[in-house]
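**Student:**
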Amino acid sequence: MAEPPSTRIAAPGTRLPGDDAETEIGLDDRPRASLTELDEPGRHVRVFGSHAFFRLWLAQVVSATGDWLGLIAITALAAKVSAGSEGVAIGLVLAARIGPGFFLAPITGVFADRLDRRKLMVGCDIGRAAVLACLPFVDNVLGLVVASLVLEVFTLLWTPAKEATVPNLVPPERLASTNSLSLVAAYGTFPVGAGLFALLSRIAEALSDAPFASALRLDQDGLAFYVDSLTFLTAALIVATLSIPSPTAREKARSRRINLGAGIDDLKEGWQFAFLNPTVRAVNLGLATGLIGGGMLVPLGAVFSNEVLGEGEAGFGLLTFALGLGVCVGVLTVAALQSRLPKLQVFQAAVLAAGGSLLAAASMSSMGAALVLVAALGVCAGVVYVLGFTVLHESVDDALRGRIFGALYTLVRLCVLLSFLVGPVLAELLDGLSGRLVDRHVEILGVGIALPGVRLALWAAGAIIVGAGLLATWSVRGPEATAREET
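First residue of the sequence shown: 1098, per my numbering; consecutive thereafter.
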């Protein structure tokens, strides 16, 4: 029996049997920026694919810088107003930034598919600017938690709308490089935000004697919130002037009145597609499940550096640097070779290689070897991120794209949180078990191998990533996927 149209992907320039000619959106028929806009000469067009995406990327850079600045400032303010319970206050504020994603990300994907995405992004940026402008006057942890919740809701609405918009602004062959640039915008702006926060402390000192400084709360945190608010207003202005084409199917969907029943149906359709379509399922398995293993490196890296490598905090800093450097190399490599890569196959291989790299790195007892292997892990992670998002952009029709990315962000958040919680607990349990059974040391062929709990936990993390790669491969090569291709 042929599968429902909502779980199939049309090949470029083709139409699946039974698809309605008016609403079917093939990969080559998706709305894009005009040819004049795409073809107009200019270095930034050659790099970014189009004027429109360049401007959207600028908006992302500005808002991401503000995001990091705001996160640092709200964390500092939480410690300041906590009355001696800094750890608890910071934990509550950060939990408020993570928690909503588990429940609201799938729902926000429905909004991204039903509403005008440009207006949605502009509204979210203005909303975040308004909340941040009020934060200098908040002097209790509860107020910070509520503000963090509201900010995260706006972010959850903005992100799938942005991801669903990207394929409509650039040619298909440029999606890998645009995803690389988006990764740079999202995470490469962290040092900019941190440096800006440090600079604002000097400005706050200079303004401390001004008569209006106290009334306007122009200390370091207050200035950071005001500047953050301006970054979101700037991003809103940039996005508001973008021309984002909308396909006929989405225009019809927007013309329908949003109601609970239709929203539930849309939500169900998105999750069914995410788990029934072999390609989308493979990407979700590779990205999300792999993060359960990869995320364990964050809480366990410092312990591994101290207990196994004997390098302490300095060693952990080197490991973190090697990981980040590897990610940059992976991202740049994909951007350079995008037109010659079989994306889905390379994605699967990169997930498997990432697991193997972590298994090998955890087996090392010297810093040099560990750095090389952690850098290799970073290369694979960069490739997985960029190609995973690119495959989703290329494979999912515009009418479903917001919900698919909403589902992905839900899975990613859940898996990262699990890794943060499970990693340290697993290391402690395995350390006790290893101590009782083998005194944390074994000899194989005359070679002594230390078996502290942190090494065993990282081996488990590597095995989880390898398992995720095997599951992703099975998803697109198994009998179910073959049957779908035949139908």
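The beta carbon of each residue, even a glycine, is placed where N, CA and C say it ideally should be.
Quick caveat, the model's predicted, so the values are computed rather than measured.
(1) Three or more C-beta pairs closer than 8 Å, one from the segment 1235 to 1253 and one from the segment 1263 to 1283: is that the case here?
(2) What do you get for Cys1231, buried or exposed, if any count of 16 or more other CB atoms within 10 angstroms of its CB means buried?
(3) Would you mind reading off the limits of the alpha helix (DSSP H) that contains Ala1554?
(4) Which residues in the same chain have their Cβ closer than 8 Å to the Cβ of Val1281, if we skip the five residues on either side of it in sequence?
(5) In angstroms, rounded to a whole number, what distance separates the CA positions of Ala1149 and Ala1432?
(6) For Ala1312, which of helix, strand or coil comes out of DSSP?
(7) Beta-carbon within less than 6 Å of Gly1387's beta-carbon, same chain only, minus the 5 sequence neighbours each way: which residues are those?
(8) Can you look up Val1219 in the DSSP assignment and give me helix, strand or coil?
(9) What three-state label does DSSP hand Glu1491 in the structure shown?
(10) Counting pairs of beta carbons, one from the segment 1189 to 1206 and one from the segment 1313 to 1323, are three or more of them closer than 8 Å?
(11) Report yes if the C-beta distance between Leu1201 and Asn1381 is below 8 Å; otherwise report no.
(12) Within a Cβ cutoff of 8 Å, which residues of the same chain sit near Ile1169, ignoring the five residues on either side of it in sequence?
(13) Which two residues bound the contiguous alpha helix (DSSP H) that contains Ala1307?
(14) If we count the other Cβ atoms within 10 Å of its Cβ and call it buried at 16 or more, is Arg1574 buried or exposed?
(15) Closer than 7 Å by C-beta to Pro1396: which residues in its own chain qualify, once you throw out the five before and the five after it? Chain order, please.
(16) Quick one: using the 10 Å Cβ neighbour count with 16 as the cut-off for buried, is Ala1467 buried or exposed?
(17) First and last residue of the beta strand (DSSP E) that includes Ile1341?
(18) Could you check the C-alpha separation between Val1050 and Leu1278 for me, to the nearest Å?
(19) Gly1392: which of Ser1460, Val1377, Gly1475 and Val1405 sits nearest, CA to CA?
(20) What's the call for Ala1569, buried or exposed, on a 16-neighbour Cβ count within 10 Å?
(21) Hey, Met1464 and Leu1415: beta-carbon distance below 8 Å or not?
(22) Please report the distance separating the alpha-carbon of Pro1288 from that of Gly1412.
(23) Confirm, please, whether the CB-CB distance from Gly1485 to Gly1383 is below 8 Å.
(24) On the three-state DSSP scale, how would you describe Glu1410?
(25) By the DSSP assignment, the alpha helix (DSSP H) with Val1544 in it spans what residues?
(26) Output the distance between the C-alpha atoms of Arg1127 and Ala1496, rounded to the nearest integer angstrom.
(27) For Ala1337, collect the residues of the same chain with a Cβ closer than 6 Å to its Cβ; drop the 5 residues on either side in sequence, then sort them by chain order.
(28) Find the nearest neighbour of Ala1379 within the set Ala1283, Ser1492 and Gly1545, judged by alpha-carbon distance.
(29) From the DSSP output, in three-state form, read off Val1267 for me.
(30) Check the DSSP bridge columns for Glu1540 and list the partner residues they point to.
(31) To the nearest whole angstrom, what separates the beta carbons of Val1509 and Val1400, a pair I think is in contact under 8 Å?
(32) Under a three-way DSSP split, which group does Val1178 fall into?
(33) Give the DSSP-derived three-state secondary structure of Gly1285 in the structure shown.
**Tutor:** With the structure as the only source:
(1) no
(2) So Cys1231 counts as exposed.
(3) Run containing Ala1554: Gly1550 to Arg1574, per the alpha helix (DSSP H) assignment.
(4) Val1428
(5) Taken atom to atom, the span from the alpha-carbon of Ala1149 to that of Ala1432 is near 19 Å.
(6) coil
(7) Result list for Gly1387: Val1448, Ile1562 and Ala1565, in chain order.
(8) helix
(9) helix
(10) no
(11) no
(12) Gly1290, Ala1291, Phe1294 and Ala1321
(13) Neither: Ala1307 is in no alpha helix (DSSP H) and is coded neither H nor E.
(14) exposed
(15) Phe1517, Gly1520 and Pro1521
(16) buried
(17) Where Ile1341 is concerned, there is no enclosing beta strand (DSSP E), given that its DSSP letter is neither H nor E.
(18) Residue coverage of the chain in this structure runs from 1098 to 1584, which leaves residue 1050 outside it and unanswerable.
(19) Checking every option, the nearest Cα to that of Gly1392 belongs to Gly1475.
(20) buried
(21) A distance below 8 Å separates the beta carbons of Met1464 and Leu1415.
(22) 20 Å
(23) yes
(24) helix
(25) Element bounds for Val1544: not the alpha helix (DSSP H) but the beta strand (DSSP E), Val1544 to Ala1547.
(26) Model confidence at Arg1127 stands at a pLDDT of 48, short of 50, so the residue's coordinates are unreliable; what they give is reported in the following sentence. Cα-Cα distance, rounded: 10 Å.
(27) Val1219
(28) The shortest Cα separation from Ala1379 among Ala1283, Ser1492 and Gly1545 belongs to Ser1492.
(29) coil
(30) Gly1545
(31) Contact doesn't hold; Cβ gap of about 24 Å is too wide.
(32) coil
(33) Residue state, collapsed to three classes: coil.
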